[in-house]
Amino acid sequence: MSKRVQRVPYTLDAGGVVSLSAAEIVAILRGADAMIGRGGRTQLSKLLKGSREATVLDHGLQHNPSYGFYRDLSLDEILHRIDWMIEEEYLGIVYDYRLPVLVFTDRGWSIEMATMAAELLDGFDERLAFGTAIQLLRPQGPASRDDLSSPGNGGRLGAARFHPPAAGMGGGRLREGSGEDRQRDPGAGTREKHHARNTVNGVRKQLSS
Numbered sequence: 531m532s533k534r535v536q537r538v539p540y541t542l543d544a545g546g547v548v549s550l551s552a553a554e555i556v557a558i559l560r561g562a563d564a565m566i567g568r569g570g571r572t573q574l575s576k577l578l579k580g581s582r583e584a585t586v587l588d589h590g591l592q593h594n595p596s597y598g599f600y601r602d603l604s605l606d607e608i609l610h611r612i613d614w615m616i617e618e619e620y621l622g623i624v625y626d627y628r629l630p631v632l633v634f635t636d637r638g639w640s641i642e643m644a645t646m647a648a649e650l651l652d653g654f655d656e657r658l659a660f661g662t663a664i665q666l667l668r669p670q671g672p673a674s675r676d677d678l679s680s681p682g683n684g685g686r687l688g689a690a691r692f693h694p695p696a697a698g699m700g701g702g703r704l705r706e707g708s709g710e711d712r713q714r715d716p717g718a719g720t721r722e723k724h725h726a727r728n729t730v731n732g733v734r735k736q737l738s739s
């Protein structure tokens with residue numbers, strides 16, 4: 531007879547938080563991207579706090595764009611905001627064996643995908659000048675656990691593969707194309723940039739509505 535797994539319990543507590551700004555929602559999702567399917571609420575709170583603990587630094591979380599976003603808040607205050615995000619279904623929790631870990635919901639993933647697209651736009655022209663194109667591709671099948679934990683992607687691409695994009699949002703994981711690809715299709719870069727900009731604008735409308 532197999533031994534029953536004792537799951538680590540958790541309790542959500544938004545602590546009276548009734549709303550968050552669009553900037554806060556984007557920042558929390560951007561931080562969560564680094565640990566989707568692997569880390570939980572406490573680890574995310576430490577990333578957003580800008581903690582120098584080994585559990586943060588050893589995983590390279592200090593390189594995440596949202597590192598230290600809530601530097602002036604306590605860990606409890608940050609946890610309240612993360613729990614609000616879960617209650618409002620921007621993030622979800624599933625169990626990885628014994629431990630509760632964070633995952634994107636469709637609602638949260640559509641925003642995070644737009645954030646990643648915006649980051650591509652910021653450096654798109656520069657990357658083209660250096661002979662690299664970035665293509666937004668549709669997901670090519672489910673991810674494996676190895677994809678999520680690969681040190682080469684820093685958690686960003688693994689997270690993108692972990693949860694499918696919301697319907698109608700297009701796009702998916704990111705891949706770099708060669709200069710040769712661009713030579714065969716000179717208009718590819720412009721179309722990719724236009725598609726990414728449409729994705730960003732669509733989610734901005736969602737956040738402002």
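Heads up: the sequence shown runs through residues 531 to 739, numbered per the working numbering. We put the beta carbon where it would ideally sit given N, CA and C, even for glycine.
For the alpha helix (DSSP H) that residue i lies in, which residues bound it at each end?
i: Asp606; result: Leu605 to Glu617
i: Ile558; result: Ala552 to Ala562
i: Leu591; result: Run containing Leu591: none; DSSP gives neither H nor E here.
i: Leu578; result: Arg571 to Lys579
Residue i: which of the options sits nearest, CA to CA?
i: Ile623; options: Gly598, Gly545 and Ala562; result: Ala562
i: Ser640; options: Asp626, Arg628, Val631 and Glu619; result: Glu619
i: Leu609; options: Gln536, Lys533, Glu554 and Val535; result: Glu554
i: Tyr511; options: Asp613, Val633 and Arg560; result: No statement about residue 511 is possible, as the shown extent of the chain runs from 531 to 739 and does not include it.
i: Asp613; options: Leu550, Lys533 and Arg534; result: Leu550
i: Asn594; options: Leu651, Asp626 and Ile558; result: Ile558
i: Lys533; options: Ala647, Asp636, Phe634 and Arg628; result: Arg628
i: Ser581; options: Arg637, Gly567 and Ser604; result: Ser604
i: Leu542; options: Met615, Gly567, Val586 and Ala584; result: Met615
i: Ala648; options: Gln536, Lys576 and Val556; result: Val556
i: Gly638; options: Arg601, Leu621 and Val586; result: Leu621
i: Tyr540; options: Thr645, Tyr625 and Arg601; result: Tyr625
i: Val633; options: Ala644, Gln536 and Arg568; result: Arg568
i: Asp606; options: Thr645, Asp588 and Thr572; result: Thr572
i: Arg601; options: Ala644, Leu650, Met643 and Lys576; result: Lys576
Could you tell me whether the Cβ atoms of residue i and residue j are closer together than 8 Å?
i: Leu611; j: Val538; result: A quick correction: the sequence has Arg, not Leu, at residue 611. Their beta carbons are not under 8 Å apart, which means Arg611 does not touch Val538 by this criterion.
i: Gly570; j: Val631; result: yes
i: Leu578; j: Met565; result: no
i: Glu617; j: Ala544; result: yes
Taking the beta strand (DSSP E) that residue i falls in, what are its first and last residues?
i: Leu629; result: Leu629 to Phe634
i: Leu621; result: Leu621 to Asp626
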